[in-house]
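With my numbering as the guide, the letters of the sequence shown map in order to residues 1 to 188.
Quick reminder that beta carbons are idealized off the backbone N, C-alpha and C, glycines included.
Please read these numbers as outputs of a predicted model, since none were measured by experiment.
Single-structure report; data block below.
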Amino acid sequence: MTVNTPYATVRRVDEAERQAVLDVLTEAFTNDPLVRWLYPEAGPLQAHYFRHLFTHPTAEAYLAGESEAAAIWLTLPADHTPGEEPGGGERLRAIGEALAPRHPNGERHLYLPCMGVVSGRQGAGLGSAMLRHRLERADADRLPAYLEASSARSRALYRRHGFEDLGEPVRVADSPTLWPMWRRPHSN
1 MTVNTPYATV RRVDEAERQA VLDVLTEAFT NDPLVRWLYP EAGPLQAHYF
51 RHLFTHPTAE AYLAGESEAA AIWLTLPADH TPGEEPGGGE RLRAIGEALA
101 PRHPNGERHL YLPCMGVVSG RQGAGLGSAM LRHRLERADA DRLPAYLEAS
151 SARSRALYRR HGFEDLGEPV RVADSPTLWP MWRRPHSN
(Lines of atoms letter the chains of each structure in order from A; the text may use other names.)
(Lines give C-alpha, C1' and ligand atoms only; values in the text may rest on other atoms or scores of the structure.)
Protein backbone atom coordinates (compact mmCIF):
# COMPACT_ATOMS: atom_id res chain seq x y z
CA MET A 1 0.00 0.00 0.00
CA THR A 2 1.35 3.42 -0.99
CA VAL A 3 0.06 6.65 0.51
CA ASN A 4 1.03 10.15 -0.59
CA THR A 5 1.23 12.76 2.14
CA PRO A 6 2.02 16.47 1.96
CA TYR A 7 5.59 15.56 2.97
CA ALA A 8 6.35 12.24 1.34
CA THR A 9 5.13 9.06 -0.20
CA VAL A 10 4.98 6.27 2.37
CA ARG A 11 4.89 2.71 1.12
CA ARG A 12 4.89 -0.71 2.69
CA VAL A 13 7.77 -2.73 1.34
CA ASP A 14 8.08 -6.38 0.49
CA GLU A 15 10.98 -8.74 0.97
CA ALA A 16 12.77 -7.39 -2.10
CA GLU A 17 13.20 -3.98 -0.46
CA ARG A 18 14.24 -5.13 3.01
CA GLN A 19 17.87 -4.22 2.37
CA ALA A 20 16.83 -0.63 1.65
CA VAL A 21 15.04 -0.53 5.02
CA LEU A 22 18.12 -1.92 6.76
CA ASP A 23 20.37 0.61 5.03
CA VAL A 24 18.16 3.55 6.03
CA LEU A 25 17.84 2.40 9.65
CA THR A 26 21.56 1.68 10.00
CA GLU A 27 22.46 5.13 8.63
CA ALA A 28 19.72 6.92 10.59
CA PHE A 29 20.85 5.44 13.90
CA THR A 30 24.60 5.79 13.37
CA ASN A 31 24.82 8.69 15.83
CA ASP A 32 21.86 7.82 18.05
CA PRO A 33 23.05 7.88 21.68
CA LEU A 34 21.32 4.62 22.60
CA VAL A 35 22.63 2.74 19.55
CA ARG A 36 26.14 4.09 20.18
CA TRP A 37 25.86 2.87 23.79
CA LEU A 38 24.53 -0.55 22.76
CA TYR A 39 26.92 -0.98 19.83
CA PRO A 40 30.09 1.05 20.52
CA GLU A 41 31.57 -0.33 17.32
CA ALA A 42 28.98 0.23 14.59
CA GLY A 43 28.69 -2.60 12.17
CA PRO A 44 27.18 -6.03 11.80
CA LEU A 45 25.57 -6.31 15.24
CA GLN A 46 23.47 -3.20 14.69
CA ALA A 47 22.32 -4.41 11.27
CA HIS A 48 21.67 -7.88 12.77
CA TYR A 49 19.29 -6.33 15.31
CA PHE A 50 17.25 -4.58 12.61
CA ARG A 51 17.35 -7.68 10.36
CA HIS A 52 16.07 -9.84 13.23
CA LEU A 53 12.89 -7.73 13.43
CA PHE A 54 11.89 -9.05 9.99
CA THR A 55 11.64 -12.56 11.43
CA HIS A 56 8.60 -11.59 13.49
CA PRO A 57 5.49 -13.01 11.77
CA THR A 58 3.66 -9.65 11.89
CA ALA A 59 6.56 -7.41 10.85
CA GLU A 60 5.53 -4.55 8.57
CA ALA A 61 8.30 -2.47 6.99
CA TYR A 62 7.83 0.95 5.41
CA LEU A 63 9.91 3.40 3.43
CA ALA A 64 9.19 7.09 2.90
CA GLY A 65 10.41 9.61 0.37
CA GLU A 66 13.25 8.46 -1.84
CA SER A 67 14.17 5.76 0.69
CA GLU A 68 15.07 8.47 3.22
CA ALA A 69 13.05 7.15 6.15
CA ALA A 70 12.14 3.66 7.32
CA ALA A 71 10.11 2.01 10.05
CA ILE A 72 9.35 -1.49 11.22
CA TRP A 73 6.09 -2.10 13.11
CA LEU A 74 5.02 -5.30 14.86
CA THR A 75 1.49 -6.27 15.89
CA LEU A 76 1.78 -8.01 19.24
CA PRO A 77 -0.85 -10.24 20.83
CA ALA A 78 -2.35 -9.54 24.23
CA ASP A 79 -0.26 -12.27 25.84
CA HIS A 80 3.05 -11.09 24.39
CA THR A 81 6.10 -11.65 26.56
CA PRO A 82 9.20 -9.73 25.44
CA GLY A 83 11.92 -12.18 24.47
CA GLU A 84 15.65 -11.90 24.42
CA GLU A 85 17.04 -9.66 21.71
CA PRO A 86 19.63 -11.06 19.33
CA GLY A 87 23.17 -9.69 19.37
CA GLY A 88 24.29 -6.72 21.41
CA GLY A 89 25.36 -8.70 24.43
CA GLU A 90 25.04 -7.62 28.02
CA ARG A 91 23.92 -4.04 27.44
CA LEU A 92 21.03 -4.98 25.15
CA ARG A 93 19.97 -7.69 27.60
CA ALA A 94 20.02 -5.17 30.47
CA ILE A 95 17.90 -2.65 28.53
CA GLY A 96 15.51 -5.43 27.51
CA GLU A 97 15.12 -6.57 31.11
CA ALA A 98 14.49 -3.01 32.32
CA LEU A 99 11.89 -2.36 29.63
CA ALA A 100 10.10 -5.75 29.75
CA PRO A 101 7.87 -4.90 32.73
CA ARG A 102 6.91 -1.64 31.06
CA HIS A 103 5.90 -3.21 27.76
CA PRO A 104 2.10 -3.50 27.77
CA ASN A 105 0.73 -6.97 28.29
CA GLY A 106 -2.90 -7.99 28.23
CA GLU A 107 -3.91 -5.96 25.18
CA ARG A 108 -3.18 -6.51 21.49
CA HIS A 109 -1.18 -3.53 20.20
CA LEU A 110 1.24 -2.16 17.65
CA TYR A 111 4.88 -1.90 18.63
CA LEU A 112 7.30 0.43 16.88
CA PRO A 113 10.78 -0.93 17.70
CA CYS A 114 12.47 1.42 15.23
CA MET A 115 11.83 4.33 12.92
CA GLY A 116 14.60 6.45 11.48
CA VAL A 117 15.28 9.22 9.01
CA VAL A 118 18.65 9.60 7.28
CA SER A 119 20.79 12.56 8.31
CA GLY A 120 20.18 15.62 6.21
CA ARG A 121 16.45 14.83 5.97
CA GLN A 122 15.61 14.84 9.68
CA GLY A 123 13.09 17.52 10.55
CA ALA A 124 11.59 17.48 7.04
CA GLY A 125 8.34 15.77 8.06
CA LEU A 126 9.23 12.24 6.97
CA GLY A 127 8.88 10.76 10.47
CA SER A 128 5.52 12.48 10.91
CA ALA A 129 4.37 11.16 7.55
CA MET A 130 5.33 7.62 8.53
CA LEU A 131 3.58 7.88 11.89
CA ARG A 132 0.40 9.33 10.41
CA HIS A 133 0.32 6.63 7.76
CA ARG A 134 0.37 3.67 10.17
CA LEU A 135 -1.48 5.30 13.07
CA GLU A 136 -4.49 6.22 10.88
CA ARG A 137 -4.96 2.53 10.15
CA ALA A 138 -4.40 1.66 13.82
CA ASP A 139 -7.12 4.16 14.77
CA ALA A 140 -9.51 2.60 12.26
CA ASP A 141 -8.73 -0.83 13.73
CA ARG A 142 -9.01 0.53 17.32
CA LEU A 143 -5.47 -0.66 17.98
CA PRO A 144 -3.25 1.08 20.59
CA ALA A 145 0.47 1.54 20.00
CA TYR A 146 3.62 1.33 22.12
CA LEU A 147 7.22 2.46 21.61
CA GLU A 148 10.31 3.60 23.49
CA ALA A 149 11.63 7.03 22.54
CA SER A 150 15.42 7.13 22.61
CA SER A 151 15.87 10.91 22.60
CA ALA A 152 14.10 14.03 23.80
CA ARG A 153 13.60 15.02 20.14
CA SER A 154 11.92 11.74 19.20
CA ARG A 155 9.85 11.87 22.38
CA ALA A 156 8.53 15.30 21.34
CA LEU A 157 7.67 13.94 17.87
CA TYR A 158 5.76 11.01 19.33
CA ARG A 159 3.90 13.27 21.76
CA ARG A 160 2.72 15.36 18.79
CA HIS A 161 1.20 12.17 17.39
CA GLY A 162 -0.73 11.28 20.53
CA PHE A 163 1.74 9.16 22.48
CA GLU A 164 1.95 9.71 26.22
CA ASP A 165 4.67 8.75 28.68
CA LEU A 166 4.05 5.34 30.20
CA GLY A 167 5.53 5.83 33.65
CA GLU A 168 8.95 7.15 34.47
CA PRO A 169 11.84 7.10 31.99
CA VAL A 170 14.13 4.06 32.00
CA ARG A 171 17.89 4.17 32.35
CA VAL A 172 20.32 1.30 32.92
CA ALA A 173 23.74 2.09 34.40
CA ASP A 174 25.27 4.78 32.16
CA SER A 175 22.83 4.27 29.27
CA PRO A 176 20.92 7.11 27.66
CA THR A 177 17.37 7.64 28.90
CA LEU A 178 14.48 5.82 27.24
CA TRP A 179 10.86 6.93 27.47
CA PRO A 180 8.27 4.13 27.20
CA MET A 181 5.22 5.64 25.47
CA TRP A 182 1.64 4.49 24.83
CA ARG A 183 -1.02 5.73 22.46
CA ARG A 184 -4.68 4.85 22.67
CA PRO A 185 -6.51 4.79 19.34
CA HIS A 186 -8.05 8.12 18.38
CA SER A 187 -11.66 8.44 17.21
CA ASN A 188 -12.12 9.58 13.66
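What does DSSP give as the partner residue(s) for residue i in the beta ladder?
| i | result |
| --- | --- |
| ALA61 | ILE72 |
| GLY116 | ALA70 |
| MET130 | Paired residues: none, contrary to the question. |
| ASP165 | MET181 |
| TYR111 | LEU74 and TYR146 |
Since residue i is in the alpha helix (DSSP H), which residue starts that stretch and which ends it?
| i | result |
| --- | --- |
| VAL172 | Looking at the DSSP string, VAL172 is not in any alpha helix (DSSP H), and its letter there is neither H nor E. |
| LEU99 | 89-99 |
| ARG121 | Element bounds for ARG121: n/a, residue is neither H nor E. |
| SER154 | 152-160 |
Below 8 Å on the Cβ atoms is my contact criterion, and I expect residue i with residue j to pass it. Report the Cβ-Cβ distance as a whole number of Å.
| i | j | result |
| --- | --- | --- |
| LEU25 | ALA70 | 5 Å |
| ALA129 | MET181 | With a Cβ gap of about 19 Å, ALA129 and MET181 do not count as contacting. |
| PRO40 | SER151 | Their Cβ separation, rounded to whole angstroms, is 18 Å, which puts PRO40 and SER151 out of contact at 8 Å. |
| VAL10 | HIS133 | 4 Å |
| PRO104 | LEU74 | With a Cβ gap of about 13 Å, PRO104 and LEU74 do not count as contacting. |
| VAL117 | GLY127 | 5 Å |
For the beta strand (DSSP E) containing residue i, list its first residue and its last residue.
| i | result |
| --- | --- |
| ALA149 | 145-149 |
| ARG183 | 179-183 |
With a threshold of 8 Å, are at least 3 pairs of Cβ atoms found where one atom belongs to the segment 18-36 and the other to the segment 49-63?
yes
Under 8 Å, with one C-beta from each stretch per pair, do the segment 92-101 and the segment 123-130 reach the 3-pair mark?
no
4 or more residues per run - each alpha helix (DSSP H) lying fully within the segment 8-33
18-28
Any 3 or more C-beta pairs closer than 8 Å across the segment 54-66 and the segment 141-156
Three or more Cβ pairs closer than 8 Å define a contact, and the segment 54-66 falls short of that threshold against the segment 141-156.
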